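Chemist: Have a look at this one.
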Amino acid sequence: MDFQNKLKTLLNEFIEIFNDLNIEVFEPFERTKHIIQQESEWAYDVARSNFHDLKKCDCIFAIVNGNPPDEGVMIELGIAIALKKEIFLFRDDFRNCSDSNQYPLNLMLFLGLPKDNWEKYYFESLQDIKSNKKRFVEWAKK
């Protein structure tokens, strides 16, 4: 399975979990598909649409696979941190992508998570998302 198909499958599995928890999903690929299909100069409008969604959303649940993770996702996370959004990170990629022994990703991402118990906001499997030991299910029920 190529990367794009794996990502699409993973996104669909996330959306199914979120729908089961009655969470409205702002999935950027679906939400901007009409812009990309209709315009030759679509990039700015896609970025503006994603920024608007970040301002409106209650949280961001980011897939941070890759080494390094996708640059666009990293920028969106930076915006979400600045906007003080609730942040959840998912990484099932085994490759090391850290600049410290304390965190599994770039240390700047962890400014968006609580200093203590950040692990409750970090997921390494789809089963983790549904775990009551993690913060997401609790957040979704509030």
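So the sequence shown is numbered by this note's numbering: it starts at 1433 and just counts up by one. Idealized CB from N, CA, C, for every residue including glycine. None of these values were measured; they are calculated from a predicted model.
Helix, strand or coil for phenylalanine 1483? Go by DSSP, reduced to three states.
Modeler: Here phenylalanine 1483 sits in helix by DSSP.
Chemist: Buried or exposed, going by whether 16 or more other CB atoms sit within 10 Å of the CB of lysine 1574?
Modeler: With fewer than 16 Cβ atoms within 10 Å of its Cβ, lysine 1574 is classed as exposed.
Chemist: Given glycine 1498, which residues of its chain have a CB within under 7 Å of its CB, disregarding the five upstream and five downstream residues?
Modeler: These residues qualify, in order along the chain: Asp1525.
Chemist: What is the rounded straight-line gap between the Cα of serine 1530 and the Cα of isoleucine 1467?
Modeler: So the alpha carbons of these two residues sit roughly 35 Å apart.
Chemist: Within a Cβ cutoff of 7 Å, which residues of the same chain sit near glutamate 1459, ignoring the five residues on either side of it in sequence?
Modeler: Here the set comprises Leu1443 and Ile1447.
Chemist: Give the range of the beta strand (DSSP E) segment to which glutamate 1556 is assigned.
Modeler: Looking at the DSSP string, glutamate 1556 is not in any beta strand (DSSP E), and its letter there is neither H nor E.
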